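Below is one structure; the comments refer to it alone.
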Amino acid sequence: MAAEIRVFSCLSDNLGYLIHDPQSRMTASIDAPEAGPIIKVLEREGWTLTDILVTHHHADHVGGIAELKHKYNCRVVAPHDQQAPIKQVDLRVENGDVVRVGDMLARVLETPGHTLDHISYVFDNEKAVFAADTLFSVGCGRVFEGSYPMMWQSLLKLRALPDDFRLYCGHEYTASNVKFALGIEPNNPDLQTWAEEVTRLRAENKPTIPTLLGDEKKYNVFLRADEPSVAAGVRLKGASADDVFAELRERKNKS
């Protein structure tokens, strides 16, 4: 039986995710921005939370852990960096580790840059990647603790995943990301098409996530820092991908 994934809003602009294995009836929450919305979806579906898969230590991704662990006695899986302020962790994981949730297997991919401890969870059988604040639709996370070259390398790891994988990110930032990207590649037809769809979805108060990685590779300028058209868009023709990415991120920081 295929895994079931639910997408819902948390806090002001976070996205919450539950992934459920119908065979074992085990359910994982990707991060825990706040407990209330997660409990609401669990109760609506008749699911019991067995795991929380934490991507990084920022408060808007771990704020609901204590309440959820108290209510469900669920396992908390988190990055191996024990300096990160994540409480009540049961299992620490690092690059290449595999986390089992029922019959579902989540492969750990270290994707630092936004934070040094940031990891993504790749469900190969389900063709889904939960990239939290490393990769957004048409965007990427701010670089708070790492460096621009580090973040670019993390994006390349995600870009290397198959085109038919679905991207689940940590925030609903797509509309603002599209606006920025159109300023870099205004003549990108794939970006123009996605911009129209994003406008429609948001007008109907629907999430823009998940998206297909294959589509992101066509219009996400941060994934395309090594493309000549993106370099030209920031007036860095012939520059290295590291330099183009750094310029993109600096511009987005100020937008």
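The sequence shown maps to residues -16 to 238 in my numbering.
From the three backbone atoms N, C-alpha and C, an ideal C-beta is built for every residue, glycine too.
This structure is a prediction, so every number in the text was calculated from the model and none was measured.
Residue i classed as buried or exposed, judged by whether at least 16 other C-beta atoms fall within 10 angstroms
i	result
G197	exposed
S103	buried
M(-16)	exposed
R232	buried
H53	exposed
Which listed residue (the options) has its alpha carbon closest to that of residue i
i	options	result
D(-4)	I13, T157, R58, L165	T157
S(-8)	E128, C152, S223, N56	C152
K70	H41, R90, E168	H41
G96	E50, T117, E180, G122	T117
Beta-carbon separation (whole angstroms), residue i vs residue j, contact threshold 8 Å
i	j	result
I22	G(-1)	Contact flag wrong, Cβ pair sits at about 11 Å.
Q65	R75	7 Å
D4	D86	5 Å
A164	L174	6 Å
E155	T191	7 Å
E168	V121	About 10 Å; that fails the 8 Å criterion.
For residue j and residue i, the rounded distance between their alpha carbons
i	j	result
R142	K200	7 Å
L99	I35	20 Å
E179	W135	28 Å
One or two residues paired with residue i in a DSSP bridge
i	result
M87	V84
G122	F119
G47	G47 pairs with nothing; no bridge assigned.
Y151	F113
G(-1)	F(-9)
L36	I13, V60
E180	E180 is not bridged to any residue.
V105	R90, V112
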